[in-house]
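Q:
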Amino acid sequence: MRCSKSVLKTLRVKNPKLVVLEHCSNVGDLKIIHAHMLRTHLFFDLFVASRLIAICIDSTTNLLHYAIRVASQIQNPNLFICNALIRGCSTSENPENSFHYYIKALRFGLLPDNITHPFLVKACSQIESAPMGMQAHGQAIKHGFEHDFYLQNSLVHMYATVGDINASRNVFHRMCRFDVVSWTCMIAGYHRCGDVESARELFDRMPERNLVTWSTMISGYARNNCFDRAVKLFEALQAEGVVANETVMVGVISSCAHLGALAMGEKAHQYVVRNNLSLNLILGTAVVDMYARCGNVEKAVNVFEQLQEKDVLCWTALIAGLAMHGYAEKALWYFSEMVKTRVVPRDITFTAVLSACSHAGMVERGLEIFESMKRDHGVEPRLEHYGCMVDLLGRAGKLGEAEKFVLEMPVKPNAPIWRALLGACRIHKNVQIGERVGKILLDMQPEYSGHYVLLSNIYARADKWKDVTVTRQMMKDKGVRKTPGYSLIEIDGKIHEFTIGDKTHPEIEKIERMWEDVILQKIKVAGYVANTAETLFDIDEEEKEGALHRHSEKLAIAYGIINIRAPTPIRIVKNLRVCEDCHTATKLISKVFKVELIVRDRNRFHHFKEGTCSCMDYW
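Counted the way my numbering counts, the sequence shown spans residues 10 to 628.
1. The beta strand (DSSP E) with His505 in it runs from where to where?
2. Taking only three categories from DSSP, how would you classify His615?
3. Answer with buried or exposed for Asn439, where buried requires no fewer than 16 other C-beta atoms within 10 angstroms of its C-beta.
4. Grab me the residues of Val171's own chain with a C-beta within less than 6 angstroms of its C-beta, minus the 5 sequence neighbours each way, in chain order.
5. Curious, which full-length alpha helix (DSSP H) runs of at least 4 residues does the stretch 213-277 contain?
6. Which whole-angstrom value describes the C-beta separation of Gly443 and Leu431, a residue pair presumed to lie in contact below a C-beta threshold of 8 angstroms?
7. Just checking my contact of Glu244 with Leu286 at CB under 8 angstroms: how many whole Å lie between their CB atoms?
8. Please report the straight-line C-alpha distance between Lys473 and Asp590, rounded to a whole angstrom.
9. Helix, strand or coil: how does DSSP classify Lys18 here?
10. What are the residues that DSSP puts in a beta bridge with Tyr495?
11. When DSSP builds the beta bridges, which residues end up paired with Val608?
12. Tell me Cys622's beta-bridge partners as DSSP assigns them.
13. To the nearest angstrom, how far is it from the Cα of Ile548 to the Cα of Ala539?
14. Please determine, among Leu94, Asp122, Asn103, the residue with the shortest C-alpha to C-alpha distance to Tyr110.
15. Report the rounded CA-to-CA distance for Gly620 versus Lys407, giving the unit in angstroms.
16. From the DSSP secondary-structure annotation, give me the bridge partner or partners of Ile291.
17. Residues bridged to Ile500 by DSSP?
18. Output needed for Leu120: all residues of its chain with C-beta closer than 8 angstroms, excluding positions within five of it in sequence on either side, in chain order.
19. Does DSSP classify Pro419 as helix, strand or coil?
20. Between Thr478, Thr492, Pro493, which lies nearest to Asp486 when the distance is taken from Cα to Cα?
21. Is Trp524 buried or exposed, if buried means 16 or more other CB atoms sit within 10 Å of its CB?
22. Measuring CA to CA, which of Asp298, Ile291, Ser561, Val259 is closest to Tyr280?
23. If you run the structure through DSSP and keep just helix, strand and coil, what is Pro471?
24. State the DSSP-derived secondary structure class of Leu450, mapped to helix, strand or coil.
25. For Leu327 and Val296, I'd like the C-alpha separation in whole angstroms.
26. Give a yes or no on whether the minimum CB-CB distance between Lys491 and chain D is below 7 angstroms.
27. Taking Ala369 as the reference, which of Asp356, Asp385, Gly403 has the closest Cα?
28. Please name the residue in Thr358, Lys448, Cys133, Pro578 whose C-alpha comes closest to that of Ser99.
29. Starting from Tyr159, follow the alpha helix (DSSP H) in both directions and report where the run begins and ends.
30. If distances are taken between C-alpha atoms only, which option among Ala567, His505, Lys276 comes closest to Lys531?
31. Using three-state DSSP, classify Ala58 as helix, strand or coil.
32. Please list the terminal residues of the continuous alpha helix (DSSP H) segment that includes Leu94.
33. Please classify Trp324 as buried or exposed, where buried requires at least 16 other C-beta atoms within 10 Å of its C-beta.
34. Quick check: what's the CA-CA separation for Ala594 versus Glu456?
35. Do the stretch 228-246 and the stretch 262-272 touch if we need at least three Cβ pairs shorter than 8 angstroms?
36. Kindly list the residues whose CB is nearer than 6 angstroms to the CB of Ile607, restricted to its own chain and excluding five residues on each side of it in sequence; keep chain order.
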């Protein structure tokens with residue numbers, strides 16, 4: 010590459026020391042300046058050589074490798090050069106090389122200063138090594154920098170990153186002064202170890218906050234499944250007049266997706282547009298995922314189509330969303346389009362595609378895609394993909410083939426794979442295979458309640474009540490408790506949560522009257538009969554029916570009918586699989602009350618309308 014005219018002029022006219030370096034505009038210029046320094050012996054001036062190395066490291070074109078080659082030509086480097094190399098390596102692909110140049114500095118007889126140690130500690134954060142972090146901390150104490158403010162901030166961050174929250178807290182409490190970085194590092198550390206309460210306590214104590222602090226809190230809440238708190242904190246951010254950035258909005262919109270809070274998600278999306286934030290790859294993917302997971306797949310498709318740039322995660326988010334809603338043909342079409350645009354599918358992409366085939370009963374297409382993974386795309390099938398195939402065969406009633414597939418897998422099947430087969434046995438009332446699979450699961454995970462519940466349901470459907478009793482008793486004897494179900498519904502931008510038999514809601518009496526006196530009576534006229542086969546066996550029929558009517562989604566539906574008017578759909582998010590009785594009741598409710606209900610359970614979406622459901626193969 011030829012040197013720019015401005016640099017040539019500077020080299021000819023002026024006595025080049027730092028001036029020529031200041032005129033450097035690209036890699037070619039830098040190399041020519043380096044060559045000129047060697048030719049004129051300026052390179053052997055340590056001050057000038059130091060500046061050349063610093064510019065290499067600070068360059069946006071990642072010239073660390075060139076800086077290392079330049080430094081290798083210097084026989085007696087100074088501390089500035091060693092510090093520059095330690096700093097450059099600390100953020101590189103091989104941060105452990107920072108220790109190499111630290112040791113080299115010591116061998117040259119150079120004493121580290123207050124610049125050296127923070128970057129050495131930063132390297133330990135990058136590689137997430139507690140032992141190396143402790144060594145770096147020890148070196149700082151040895152050289153008298155234990156109380157250096159910037160080093161202490163680095164140590165708080167490093168110990169939090171490697172998972173030693175106690176060491177991080179000890180350093181933080183010994184600090185004589187704090188800035189926003191100090192508080193934010195400690196808050197991030199608490200979130201990293203799941204202590205959201207301590208993180209919030211520090212956040213509330215902070216004398217001042219910046220956008221990074223808000224982002225750390227909101228993202229931390231989202232990572233720790235405190236989605237409602239993340240959304241509420243975003244509302245507090247707006248109340249204080251702080252303008253969020255793209256990073257904050259990813260946490261907010263992802264939280265809305267998990268809550269199934271469409272109205273909140275739409276407001277967050279409008280905030281992004283109103284404040285001219287960039288709908289980049291990460292944020293754009295989060296918006297697509299939010300609309301899909303909140304039940305508005307049409308908007309998910311619209312946002313996806315409008316994105317200027319799409320990567321494999323963005324395509325996968327849309328494909329997974331379509332699969333969850335039962336739109337298998339559309340999911341496969343977008344998968345085909347993705348491959349045509351030469352975006353290379355990843356393992357999670359195939360999980361989404363195979364899931365689509367499973368819910369639609371597309372056995373041959375699913376087998377074809379599974380075979381093509383390694384053959385055409387170089388993706389080695391993982392346990393999740395084998396699980397999808399077992400689910401695909403099982404849902405289609407091919408239980409023998411599914412069991413054979415599991416037994417002949419090249420990798421050892423895990424509990425979710427066996428559980429998929431057990432779930433298929435429940436759907437198709439196959440006691441023989443169900444007993445074999447149930448025994449395997451109870452041996453693998455004796456503490457997991459879902460296995461006992463599925464197995465007892467299989468027995469109940471086959472009228473094998475003695476076996477139901479034995480299974481339930483086994484569950485009690487081992488102290489295994491069923492995971493409590495809950496349902497969420499968004500009303501006027503607020504999330505309401507219901508659990509079975511819940512009495513804490515301020516309008517619970519009104520809700521129960523709506524269910525008992527209005528909804529239940531009307532659907533009974535339409536043919537509803539409570540299905541008590543899968544409820545507890547050790548209570549009488551009347552109690553069983555009462556337990557069914559207190560299921561969380563029924564309370565949520567009743568509250569939705571009170572507050573939401575057609576044609577607006579009632580959207581509900583449930584943490585467990587929808588039970589057969591609730592599924593039947595919801596279909597009748599959609600018909601009798603002429604309302605659309607969209608329910609997202611642990612596995613997929615159920616669209617209830619005019620007495621039908623999108624998941625015709627569900628049972």
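C-beta atoms are modelled at their ideal positions from N, C-alpha and C, and glycine is treated no differently.
A: Result, derived from the coordinates:
1. 503-508
2. In the three-state DSSP reduction, His615 falls in the strand class (E or B).
3. buried
4. Glu137, Ala139, Gly142
5. 220-232, 236-248, 255-268
6. 6 angstroms
7. Taking C-beta atoms under 8 angstroms as the contact rule, Glu244 and Leu286 fail to qualify, at a distance of about 17 angstroms.
8. Take the alpha-carbon of Lys473 and the one of Asp590: they are about 20 angstroms apart.
9. For Lys18, the pLDDT reaches just 45, beneath the cut-off of 50, and the residue's location in the model is therefore unreliable, leaving the point undetermined.
10. Thr508
11. Ile581, His615
12. Phe617
13. Confidence at Ile548 is low in this model, with a pLDDT of 39, below 50, so its placement is unreliable and the value that follows should be read with caution. Taking the straight line joining both Cα atoms gives about 15 angstroms.
14. Leu94
15. 29 angstroms
16. In the DSSP secondary-structure assignment, Ile291 is not bridged to any residue.
17. Lys503
18. Leu88, His152
19. coil
20. When C-alpha distances from Asp486 are compared across Thr478, Thr492, Pro493, the shortest belongs to Thr478.
21. Under this definition Trp524 is a buried residue.
22. Val259
23. Checking the sequence, you will find Ala at residue 471 rather than Pro. If DSSP states are grouped into helix, strand and coil, Ala471 belongs with coil.
24. helix
25. 10 angstroms
26. The displayed structure is made up of one protein chain only, and chain D is not part of it.
27. When each option's Cα is compared against that of Ala369, the closest is Gly403.
28. Cys133
29. First-last of the alpha helix (DSSP H) with Tyr159: 158-170.
30. Taking only the C-alpha atoms, the option nearest Lys531 is Ala567.
31. helix
32. 88-99
33. buried
34. 31 angstroms
35. yes
36. Gly304, Pro578, Arg580, His616
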